[in-house]
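Note that the sequence shown covers residues 459 to 517 in the numbering used here. Using N, Cα and C, we set each Cβ at its ideal position, and we do this for glycine too. Bear in mind that the values here come from a model prediction, so they are computed numbers and not experimental data.
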Amino acid sequence: AFRTTTPPSSKRMLAFVAKGNHGSIRKFLFKQWDGNDPQIQIFQRLSRGQSYKEHMMKP
């Protein structure tokens with residue numbers, strides 16, 4: 459676990475992580491969310507050198 463210096467109420471995003479293919483739910487969620495709402499960001503994979511932890515700690 460890691461701690462952030464900013465409170466959760468100041469965060470701009472909620473994370474959903476599904477590493478690997480876990481049946482149909484991951485594909486279903488990507489299909490429902492991707493491109494349908496400008497507030498939802500979909501990342502199939504993070505860019506090389508991008509840290510999930512650092513990405514989620516952004517205010």
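Tell me which residues share the same chain as residue i and place their Cβ nearer than 8 Å to its Cβ, disregarding the 5 neighbours each side in the sequence.
i, result
"Val-504", "Per the sequence shown, the amino acid found at residue 504 is Leu instead of Val. Hits under 8 Å: Tyr-510, His-513."
Residue i to residue j, Cα distance in whole Å?
i, j, result
"Phe-486", "Pro-465", "31 Å"
"Pro-496", "Gln-490", "13 Å"
Ignore the nearest five residues each way along the sequence and tell me which others in residue i's own chain have a CB closer than 7 Å to its CB.
i, result
"Arg-502", "Contrary to the premise, residue 502 reads as Gln rather than Arg in this sequence. Here the set comprises nothing."
"Phe-488", "Ile-500"
Mapping the DSSP letters down to three states, classify residue i as helix, strand or coil.
i, result
"Ser-505", "coil"
"Lys-511", "helix"
"Lys-485", "helix"
"Gln-497", "coil"
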